[in-house]
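Taking my numbering, the leading residue of the sequence shown gets 571, the next gets one more, and so forth.
Backbone N, C-alpha and C define an ideal beta-carbon position, used for all residues, glycine too.
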Amino acid sequence: MTTVPATGTTGTTGTSSIPLLVLGSEADPASERGVSCPGELPPASDPGLVARAAAAKAALGDRLFVLGHHYQRDEVIQFADVTGDSFKLAREAAARPTAPFIVFCGVHFMAESADILTAGHQQVVLPDLAAGCSMADMATFDQVEEAWEVFEDAGVADDVIPVTYMNSSADIKAFVGRHGGTVCTSSNARRALDWALRKGSKVLFLPDQHLGRNTAVLEMGLALSDCVVYDPHRPGGGLTPDRLRAATMILWRGHCSVHGRFKKTSVDDVRARIPGVRVLVHPECTHEVVLAADDIGSTEYIIKTIDAAPAGTSWAVGTELNLVRRLANAHPDKNIVFLDKTVCFCSTMNRIDLPHLVWSLESLARGEVVNRIQVDEETAHYSRLALDQMLALP
Ligand code: SF4
Numbered sequence: 571m572t573t574v575p576a577t578g579t580t581g582t583t584g585t586s587s588i589p590l591l592v593l594g595s596e597a598d599p600a601s602e603r604g605v606s607c608p609g610e611l612p613p614a615s616d617p618g619l620v621a622r623a624a625a626a627k628a629a630l631g632d633r634l635f636v637l638g639h640h641y642q643r644d645e646v647i648q649f650a651d652v653t654g655d656s657f658k659l660a661r662e663a664a665a666r667p668t669a670p671f672i673v674f675c676g677v678h679f680m681a682e683s684a685d686i687l688t689a690g691h692q693q694v695v696l697p698d699l700a701a702g703c704s705m706a707d708m709a710t711f712d713q714v715e716e717a718w719e720v721f722e723d724a725g726v727a728d729d730v731i732p733v734t735y736m737n738s739s740a741d742i743k744a745f746v747g748r749h750g751g752t753v754c755t756s757s758n759a760r761r762a763l764d765w766a767l768r769k770g771s772k773v774l775f776l777p778d779q780h781l782g783r784n785t786a787v788l789e790m791g792l793a794l795s796d797c798v799v800y801d802p803h804r805p806g807g808g809l810t811p812d813r814l815r816a817a818t819m820i821l822w823r824g825h826c827s828v829h830g831r832f833k834k835t836s837v838d839d840v841r842a843r844i845p846g847v848r849v850l851v852h853p854e855c856t857h858e859v860v861l862a863a864d865d866i867g868s869t870e871y872i873i874k875t876i877d878a879a880p881a882g883t884s885w886a887v888g889t890e891l892n893l894v895r896r897l898a899n900a901h902p903d904k905n906i907v908f909l910d911k912t913v914c915f916c917s918t919m920n921r922i923d924l925p926h927l928v929w930s931l932e933s934l935a936r937g938e939v940v941n942r943i944q945v946d947e948e949t950a951h952y953s954r955l956a957l958d959q960m961l962a963l964p
């Protein structure tokens, strides 16, 4: 088990299990959440925070590359050298080998992927270690190993190709790499599943059941009855060996706590409120919501669709609120609303704020690397196999 040095470096091991911790307190270096920030943060009320971040960034110059996920706050995204989804950002980092410091404004699994894909001399920093992902936490290495034993007992393990969503820990990506599977994103999930079902007769899809189900049923024409849900908290996943043998898609019981909040009633309400509105949602939404929507796609697809929409059109967008707000501000000629009536930020993404960014940049400018995210070599090796397989998808 890797420990946390004084500077807050985190490690990833192949054997961690993740206890539930109160967000922002206690410490679990291998988890996606629950770790407190070890630093002396500037006060959030400091009026000089923007100037301090700009000064530290300027002092670091080309030695620094700041990545900003689409769901980050405006106050943070203004300092990003590039914005994108998790995979695009990891590749951008790998394409900048001259920058020794990569500050990843996103969540823990994204920083892990950046560390895996970048060169050995590049150090990846996550400004707040409590910025995890609740979905990634829903599939731990121990649980997935146990599931594989259940498949072996049912006599199906040799038929199963594991496919994990990018939104998973490095441990899980490595498990998938070891078992001949692939990583996927919300943009290439169908290609990944097509590939997997040519290689085996069943897929274990981790950790987001909704992306797996929506892709299998709506894009590939499988029936809902071809899909079963493996619940890691129930003996045998809550499935009989016969059900496992009959299934084509074994969906892990995980979900995104942000996209999972949208309900079909949210779609009905917005259609009643805004005549002619088009409903555009992310495939991490539930099957019911996706069925009720007009258009479905990844974060990048949502951005492109809104960019290309004619002036005067109305859109209700079902994804993280920071992104929807930015789209609305960028397109005042279009009526862009958030799909739900209540606030729906990703709370862990929002852990990255100006005080944490200023603290991490000023520490780097002083020569002190804080909150480094570092994946151990073996885990990185097998994760890379699964990531490379994704890049090689036909
Ligand atoms: S939006 Fe959902 S999947 Fe993305 S980081 Fe937040 S909890 Fe995880």
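Neighbour-count burial assignment, residue i, 16 or more Cβ in a 10 Å radius
i    : result
R843 : exposed
L794 : exposed
V913 : exposed
P599 : Residue placement at P599 cannot be trusted, given a pLDDT of 48 that sits under 50; what the coordinates show is reported in the next sentence. Buried, by the Cβ-count rule.
L961 : exposed
S615 : exposed
P617 : exposed
G846 : exposed
D723 : exposed
A621 : exposed
P964 : exposed
K627 : buried
R804 : exposed
A689 : exposed
P732 : buried
D778 : buried
D707 : buried
N892 : buried
N899 : exposed
G807 : buried
G747 : buried
T668 : exposed
Proximity winner among the options, relative to residue i (alpha-carbon distances)
i    : options                : result
P613 : H926, V940, M819, L814 : H926
Q693 : G702, S683, A700       : S683
D655 : R633, A744, E947, Y735 : Y735
C855 : C826, G676, V746, S930 : C826
R760 : V746, F775, R841       : F775
G725 : M790, N905, A817, L687 : A817
N758 : S868, V907, L891, H640 : S868
R921 : Q959, A950, G676       : G676
D632 : Q648, P964, I672, C754 : I672
D685 : A664, A701, A669, D864 : A664
R823 : D903, M705, V894, R661 : M705
T835 : A709, G937, I820, A863 : A863
L788 : V860, G937, F908       : V860
H678 : G702, D698, R942, Q648 : G702
D698 : L909, R954, D923       : D923
D728 : R831, G751, L909, A709 : G751
G782 : L821, A744, G609       : L821
I872 : S756, S738, Y800       : S756
L809 : H780, I906, A717, L957 : A717
R657 : V753, V714, G747       : Per the sequence shown, residue 657 should be read as Phe rather than Arg. Of V753, V714, G747, the residue nearest in Cα terms is V753.
I866 : N784, M680, L893       : N784
K911 : P802, A878, K833, M819 : K833
G830 : G609, H951, H857       : H857
K874 : G747, H901, Q642, G882 : H901
L957 : M790, L630, A878, A740 : A740
A623 : S930, L955, R942       : S930
R666 : M680, I647, L687, T710 : L687
Paired residues, beta bridge with residue i - DSSP
i    : result
W765 : For W765, which the question treats as bridged, DSSP gives no partner whatsoever.
N892 : DSSP lists no partner for N892.
Q648 : DSSP output for Q648 lists no bridge partner at all.
L776 : T734
R968 : Residue 968 is absent from the model: the chain starts at 571 and stops at 964.
F671 : L634, Q693
V851 : I866, G888
I906 : W885
W822 : Y800
H640 : DSSP lists no partner for H640.
Any 3 or more C-beta pairs closer than 8 Å across the stretch 793-813 and the stretch 759-773:
Flag = no, the stretch 793-813 and the stretch 759-773 do not touch.
Taking a cut-off of 7 Å, which residues have a beta-carbon closer than that to any heavy atom of the ligand SF4, in chain order?
Those residues are Y641, V677, C703, S704, M705, A706, N737, C826, S827, V828, H829, E854, E890, C916, T918, M919, given in chain order.
Report yes or no: do the stretch 686-700 and the stretch 748-764 share at least 3 C-beta pairs separated by less than 8 Å?
Fewer than three beta-carbon pairs drawn from the stretch 686-700 and the stretch 748-764 are found closer than 8 Å, and the two stretches are therefore not classed as touching.
Any contact between the stretch 624-640 and the stretch 944-961? By contact I mean 3 or more CB pairs, one from each, below 8 Å.
At 8 Å Cβ cutoff, the stretches do not touch.
With a cut-off of 8 Å, do at least 3 Cβ pairs link the stretch 848-866 to the stretch 875-887?
Output reads yes: the stretch 875-887 touches the stretch 848-866.
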